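Just so we're aligned, residue 233 is where the sequence shown starts under our numbering, counting upward by one. Here a beta-carbon is modelled for each residue, glycine too, at the ideal position from N, C-alpha and C. It should be emphasised that the depicted structure is a prediction, and the values quoted were computed from it without experimental measurement.
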Amino acid sequence: MSYAGRSTSGSRPKRRAAAITTGIALSALILSGCAQSERDEGTGDAGASSDVDGTFVFAASSDPKSLDPAFASDGESFRVSRQIFEGLVGVKPGTADPEPLLAKSWETSEDALTYTFELQDGVTFHDGTDFNAEAVCANFDRWYNFTGIQQAESLAYYYSKLFKGFADTPETATYESCEATGETEAVVTLAKPFAGFIAALSLPAFSMQSPTAMDQYAANEASGTAEAPTLTEYAKSHPTGTGPFKFENWEVGNQITLSAYDDYWGEQGQVTDIIFRVIDDPNSRRQSLEAGTIDGYDLVAPADTKSLADAGYNVMAREPFTILYLGMNQKVEELADPLVRQAIAHAIDKQALVDQTLPEGTKVASQFIPDVVNGYNEDVTEYEYDPEKAKSLLAEAGYPDGFSVDFNYPTGVSRPYMPTPEQVYTNITAQLEEVGITVNPQPNKWSPDYLDRVQASEDHGIHLLGWTGDYNDTDNFVGVFFGGEKPEFGFNNPEIFDALEEARQVSSLEEQTPLYEQINEDIAEFVPAIPLAHPAPSLAFNERVVSYPASPVNDEVFNKIELNK
């Protein structure tokens with residue numbers, strides 16, 4: 233969506249909660265335990281009704297990677313970040329489209345290079361620091377001035393992918409400068425057009441953070457290696473935003489506790505305290521819901537959705553705005569051969585994979601964007617399930633007897649695009665072995681090992697990964713995946729890189745659409761990875777949750793939850 237030459241404004245946003253499907257009478261087996269004692273320990277009291285228990289316990293599938301959203305790219309980090317932090321731009325409820333948040337309006341110059349943001353007044357960070365134009369510029373300049381390890385994909389993933397460069401590489405950088413032209417007016421200037429700029433600012437990675445707290449707790453003193461970065465003190469214990477909830481405690485491997493921020497500028501809602509409890513096994517999450525020790529959880533195993541709904545729990549599915557793919561590292565000799573990559577694509581029965589391992593409502597994928605995103609190509613090249621064709625291509629490539637390859641997959645996690653990774657791995661492995669490809673299993677725990685191994689090193693082969701779209705812009709999918717060289721895929725294709733760079737600078741949707749249609753075809757022919765499915769992730773809640781602000785891009789802030797007891 234282009235905002236060039238237009239102004240956008242809005243009053244203080246009120247994110248409406250989407251209704252949750254209500255199940256029939258509760259009949260679930262009560263296993264053990266009770267969450268009441270933990271709820272009684274809550275500290276917040278802002279906006280709560282006296283007859284409603286304001287402590288909300290939500291089961292996370294893993295620890296967050298970082299509590300500093302600028303150095304995070306995973307869903308569990310962003311789920312927590314969305315409670316603590318806010319950006320200049322938010323997300324319209326129930327959609328993937330941007331709307332005003334900390335910026336109540338903005339104007340864009342005709343050349344789409346200058347953005348003037350009019351800011352909300354009277355907003356403070358959780359440490360008492362004023363949110364103002366100087367704070368906005370401090371955040372933009374922080375990202376731009378990342379150096380060394382801070383620029384690694386394992387840290388500044390989103391800034392690197394979307395803004396293309398830093399202060400030490402101005403020739404490639406999209407960002408140029410930020411100026412505080414008034415207490416509530418900030419002017420951001422880009423070095424080159426970026427059609428998705430406004431929508432991108434809705435990402436938690438670009439949340440506004442307290443300059444005071446970041447300075448006090450050394451937010452920029454990242455250490456370690458790109459493959460295994462070490463969290464800063466700020467990222468572990470002092471995340472400070474303007475959101476409805478403030479950070480209290482992180483017991484790594486156990487839970488994160490937040491409480492209501494009494495001076496929040498918006499609507500506080502009924503929830504006074506949040507406990508994100510880490511439960512990495514889907515069966516254990518279901519059992520915890522049935523036992524009453526949690527109020528809800530995400531990424532319900534496909535086999536559990538019907539039984540939970542039948543038992544009276546509130547089960548709901550998000551609209552699919554996801555992609556699950558099988559990545560292929562072309563630094564591996566066999567995978568550098570396009571015939572081998574085509575063979576792997578022909579070896580996979582996507583429909584069987586969907587039917588056997590993914591949630592109801594999941595769609596088979598032909599490309600790396602959902603069909604609601606601009607540039608979806610109805611005529612894209614597809615590799616139909618054809619084991620004999622796969623064997624023929626392997627023989628043509630010089631592997632008549634097949635070959636052996638490492639297969640990396642995550643453990644101890646559920647993702648919106650992959651609720652049960654081990655099941656997906658097992659299903660695909662069986663299909664590959666049918667055509668003579670021997671798999672060497674390479675399991676790694678999601679946090680902290682899997683993402684760093686796949687995204688920041690060459691030590692992987694084929695691998696499972698995916699994406700939940702952050703906003704409705706094609707560049708947010710294919711641009712992030714294939715916009716430049718990256719260790720995950722290990723290839724250099726200047727034609728695709730240049731085409732994506734051109735398309736992201738075109739502000740006219742009419743002109744942009746055919747560019748992305750061609751890009752999707754070029755990617756399909758190159759086969760850097762195999763798009764498998766667009767899963768529809770499900771959530772489940774107990775009866776006391778009346779409504780929950782479900783979002784296709786997971787923009788779900790818990791002050792919008794409605795409770796009845």
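Whose CA, out of 430, 391, 646 and 654, lies closest to the CA of residue 345? What you label residue 345 is simply residue 113 of the sequence shown in a count that begins at 1. Comparing Cα positions, the closest option is 430.
Determine contact between the segment 535 to 548 and the segment 619 to 638, defined as no fewer than three beta-carbon pairs at a distance below 8 angstroms. Taking 8 angstroms as the limit for Cβ pairs, the verdict is that the segment 619 to 638 does not touch the segment 535 to 548.
Taking only the alpha-carbon atoms, compute the straight-line gap between residue 759 and residue 719 and give it to the nearest angstrom. On the sequence shown, residue 759 is found 527 positions in, with the first residue counted as 1. On the sequence shown, residue 719 is found 487 positions in, with the first residue counted as 1. Approximately 16 angstroms between the Cα atoms of the pair.
Counted within 10 angstroms of its Cβ, other Cβ atoms place residue 787 as buried (16 or more) or exposed: Here residue 787 is taken as the residue at index 555 of the sequence shown, counted from 1. Label assigned to residue 787: buried.
Rounded to whole angstroms, how far is the Cβ of residue 299 from the Cβ of residue 312, which I believe are closer than 8 angstroms? For this step, residue 299 is matched to residue 67 along the sequence shown. For this step, residue 312 is matched to residue 80 along the sequence shown. Residue 299 to residue 312, Cβ: 7 angstroms. Contact.
Please report the residue range of the alpha helix (DSSP H) in which residue 585 lies. As a working mapping, residue 585 is identified with position 353 in the sequence shown. Per DSSP, residue 585 belongs to the alpha helix (DSSP H) from 582 to 589.
Which class does residue 784 belong to by DSSP, given the choice of helix, strand or coil? As a first step, residue 784 must be located in the sequence shown, where it is residue number 552. Three-state result, residue 784: coil.
Using 8 angstroms for Cβ pairs, my map puts residue 602 next to residue 642. What's the rounded Cβ distance? Here residue 602 refers to the residue found at position 370 of the sequence shown. Here residue 642 refers to the residue found at position 410 of the sequence shown. Not really, about 22 angstroms apart at Cβ, beyond 8 angstroms.
Cα-Cα, which of 444, 372 and 393 is closest to residue 359? Position 127 of the sequence shown holds residue 359. Cα-wise, what sits closest to residue 359 is 444.
Counting pairs of beta carbons, one from the segment 709 to 729 and one from the segment 744 to 761, are three or more of them closer than 8 angstroms? yes
Under the three-state reduction of DSSP, which class applies to residue 181: helix, strand or coil? Not covered by the structure: residue 181. The range shown for the chain is 233 to 797.
Identify, in the order they occur along the chain, each residue of the same chain with its Cβ nearer than 8 angstroms to the Cβ of residue 449, setting aside the five sequence neighbours on each side. Taking the sequence shown and counting its residues from 1, the one referred to as residue 449 is at position 217. So the qualifying residues of the chain are 464, 465, 466, 469 and 470.
Are residue 528 and residue 777 close, meaning C-beta to C-beta below 7 angstroms? The residue given as residue 528 occupies position 296 in the sequence shown. The residue given as residue 777 occupies position 545 in the sequence shown. Cβ distance < 7 angstroms, so residue 528 and residue 777 count as in contact.
Rounded separation between residue 175 and residue 595 - CA only: Outside the displayed span of the chain (233 to 797) sits residue 175, for which this structure offers no information.
Just to confirm the assignment, what range does the beta strand (DSSP E) spanning residue 519 have? Translated into the one-based positions of the sequence shown, residue 519 becomes position 287. No beta strand (DSSP E) holds residue 519; the alpha helix (DSSP H) holding it covers 514 to 523.
Taking residue 406 and residue 423 to be in contact with their CB atoms under 8 angstroms, please state how far apart those CB atoms are, rounded to whole angstroms. For the purposes of this step, residue 406 is taken as the residue at position 174 of the sequence shown. For the purposes of this step, residue 423 is taken as the residue at position 191 of the sequence shown. With a Cβ gap of about 6 angstroms, residue 406 and residue 423 count as contacting.
Going residue by residue through the segment 378 to 406, where are the continuous alpha helix (DSSP H) segments of at least 4 residues, counting only ones entirely within it? 389 to 395
Which whole-angstrom value is the C-beta distance of residue 505 and residue 287, which I expect to be below 8 angstroms? Here residue 505 is taken as the residue at index 273 of the sequence shown, counted from 1. Here residue 287 is taken as the residue at index 55 of the sequence shown, counted from 1. With a contact defined as Cβ atoms closer than 8 angstroms, residue 505 and residue 287 qualify at about 4 angstroms.
So, are the CB atoms of residue 476 and residue 301 less than 7 angstroms apart? Taking the sequence shown and counting its residues from 1, the one referred to as residue 476 is at position 244. Taking the sequence shown and counting its residues from 1, the one referred to as residue 301 is at position 69. In this structure, residue 476 keeps its C-beta atom at 7 angstroms or more from the C-beta atom of residue 301.
Within its chain, find whatever has a CB closer than 7 angstroms to the CB of residue 736; leave out the 5 residues flanking it on each side and keep chain order. Taking the first residue of the sequence shown as 1, we reach residue 736 at position 504. Correct list, in chain order: 426, 427, 428, 707 and 711.
From this set, 461, 756, 317 and 333, which residue's C-alpha is nearest residue 570's C-alpha? For the purposes of this step, residue 570 is taken as residue 338 along the sequence shown, with counting starting at 1. The option with the nearest alpha carbon to residue 570 is 756.
Test item: CB-CB of residue 408 and residue 421 under 7 angstroms: Locating residue 408 in the sequence shown gives position 176, counting from the first residue. Locating residue 421 in the sequence shown gives position 189, counting from the first residue. Yes. Within cutoff.
In three-state terms, what does DSSP make of residue 458? On the sequence shown, residue 458 is found 226 positions in, with the first residue counted as 1. In this structure, residue 458 counts as coil in the three-state DSSP scheme.
Just verifying my parser: in three-state terms, what is the DSSP assignment at residue 303? Walking along the sequence shown from the start, residue 303 turns up at place 71. The DSSP-derived three-state label of residue 303 is helix.
Would you call residue 797 buried or exposed, if buried means 16 or more other Cβ atoms sit within 10 Å of its Cβ? Residue 797 sits at position 565 when you count from the first residue of the sequence shown. Answer is exposed; the Cβ neighbour count stays below 16.
Cβ neighbours of residue 793 in the same chain (closer than 6 angstroms, five flanking residues each side left out): Here residue 793 corresponds to residue number 561 of the sequence shown, with the count starting at 1. Hits under 6 angstroms: 503 and 780.
Reduced DSSP secondary structure (H/G/I, E/B, other) of residue 770: Within the sequence shown, residue 770 is the residue found at index 538, counting from 1. In the structure shown, residue 770 sits in a strand (DSSP, three-state: E or B).
Here's the rule: buried if 16 or more other CB atoms are within 10 angstroms of the residue's CB, otherwise exposed. What is residue 307? For the purposes of this step, residue 307 is taken as residue 75 along the sequence shown, with counting starting at 1. A residue is called buried when at least 16 other Cβ atoms come within 10 angstroms of its Cβ; residue 307 meets this threshold and is buried.
Please list, in chain order, all residues of the same chain as residue 573 whose beta carbon is under 6 angstroms from its beta carbon, the five residues on each side excluded. Numbered from its first residue, the sequence shown carries residue 573 at position 341. Same-chain partners within the cutoff: 560 and 759.
Let's test the definition: count the other Cβ atoms within 10 Å of the Cβ of residue 377 and tell me whether it reaches 16, buried, or not, exposed. Position 145 of the sequence shown, counted from the first residue, corresponds to residue 377. Exposed.
Mind checking residue 734: buried by the 16 CB within 10 Å criterion, or exposed? Position 502 of the sequence shown, counted from the first residue, corresponds to residue 734. Exposed: under 16 other Cβ atoms inside 10 Å.
With a threshold of 7 angstroms on Cβ separation, who are the neighbours of residue 294 within its own chain once the five nearest residues in sequence on each side are excluded? For this step, residue 294 is matched to residue 62 along the sequence shown. Excluding residues within five positions, the ones whose Cβ falls inside 7 angstroms are 308, 510, 512, 644, 645, 678 and 679.
Could you check which residue in 339, 578 and 598 has the C-alpha nearest to that of residue 669? Within the sequence shown, the letter at position 437 stands for residue 669. Measuring from the Cα of residue 669, the nearest candidate turns out to be 578.
Residue span of the alpha helix (DSSP H) that contains residue 446, given as start and end: Numbered from its first residue, the sequence shown carries residue 446 at position 214. Note, residue 446: alpha helix (DSSP H), 443 to 448.
Starting from the N-terminal side, write out each stretch of the beta strand (DSSP E) that is 3 residues or longer and does not extend beyond the segment 631 to 679. 635 to 643 and 669 to 677
Excluding the 5 residues flanking residue 791 on each side, which residues of the same chain have their C-beta closer than 7 angstroms to its C-beta? Residue numbering aside, residue 791 sits at position 559 when the sequence shown is read from its first letter. Cβ within range, chain order: 476, 499, 500, 501 and 503.
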